[in-house]
Every structure is written in C-alpha cells, then in structure tokens.
Amino acid sequence: MSRRGYTPEDEKQFTGNQLMILKKAAGEVQFLLDRGYDVKPVTTFVGNHYMLSERQRLALARSISPAEWIKKRNSKELLQKEEKSFPEIVHIDGFNTVITLEVALPGSPIFAYRDGAVWKIQL
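The sequence shown lines up with residues -19 to 103 when you count with the working numbering.
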C-alpha cells in the first residue's frame, strides 16, 4: 500500500534534531516574510543557511505566511467571537479534507500553519 504524501526520507527530515532546525528556520522565514520579502528567495536563503532539503524548504514555503495574511485569513473564520451561531448554510471543501486525512492516517507528515490551518506535503 502506498502512502500519499510520503517519502522514506520524511522520517529523518521531519523528526528529532531536523524538526528542531526546521522550527528555528521557520521563525527566521516568518521574520523575513513579515518584513515584505518574497517567499521563494527567503526559503532559498534560509534553506541554504540550514542546509535544508527541497522537501523541507517546500514545507517551510507552504506552511508559513506573513502575519498580515494570517490576520486576513482569521478574519474570514465562520464563527467570530462576537457571533452566537453559525450561518444557515455552510460549504465545506470535503475533497481537501479527505486528502488530508488520507495523508495523515498512514503517518505521512502534516503541518499546522501558524494560524491553526492544517497542510500536507504532496508532490
């Protein structure tokens, strides 16, 4: 059985010391994105500094957004603190939910955005 979104290197690249390095790199990427730098050169620069693999760089690029973007996404949440109930109709992207579960259940890497959203690596 194949594991969607998984490569054998994931067990080394996203655990232990590599995960600590990735978290430190994520903080630096966040710092630079918040100052207006573009994601591609930032992840290249930080990835080179920490000698990250292409897959680790992809994880950084897709799981981090400038704080301004996060604030904008959060403002679109369905249930705001001041609201008491959900709208009558809610549309859910079930396809992406199913694929995310398909990636997560066999143990492939899943990442949480800094705003709480969930993302998977799928090449």
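Just so you know, even glycine gets a beta-carbon here, dropped at the ideal spot from N, CA and C.
Determine the direct distance from the alpha carbon of residue j to that of residue i, and round the result to whole angstroms.
{"i": "G87", "j": "Y17", "result": "33 Å"}
{"i": "E(-11)", "j": "E68", "result": "45 Å"}
{"i": "T80", "j": "R42", "result": "14 Å"}
{"i": "I90", "j": "Q(-7)", "result": "13 Å"}
{"i": "K51", "j": "G(-4)", "result": "31 Å"}
{"i": "H71", "j": "H29", "result": "42 Å"}
Give the single residue among the options whose Cα lies nearest to the Cα of residue i.
{"i": "L(-1)", "options": "R35, P46, F75, D14", "result": "R35"}
So, are the CB atoms of residue i and residue j less than 8 Å apart?
{"i": "G(-15)", "j": "V98", "result": "no"}
{"i": "L32", "j": "V22", "result": "no"}
{"i": "A5", "j": "L40", "result": "yes"}
{"i": "G27", "j": "R15", "result": "no"}
{"i": "T9", "j": "I44", "result": "The question names Thr, yet the displayed sequence has Val at residue 9. Yes, the Cβ-Cβ distance between V9 and I44 is below 8 Å."}
>> Just to confirm the assignment: which complete alpha helix (DSSP H) runs, minimum length 4, are found wholly within the segment 14 to 102?
In response: 19 to 30, 34 to 43, 47 to 55, 74 to 84
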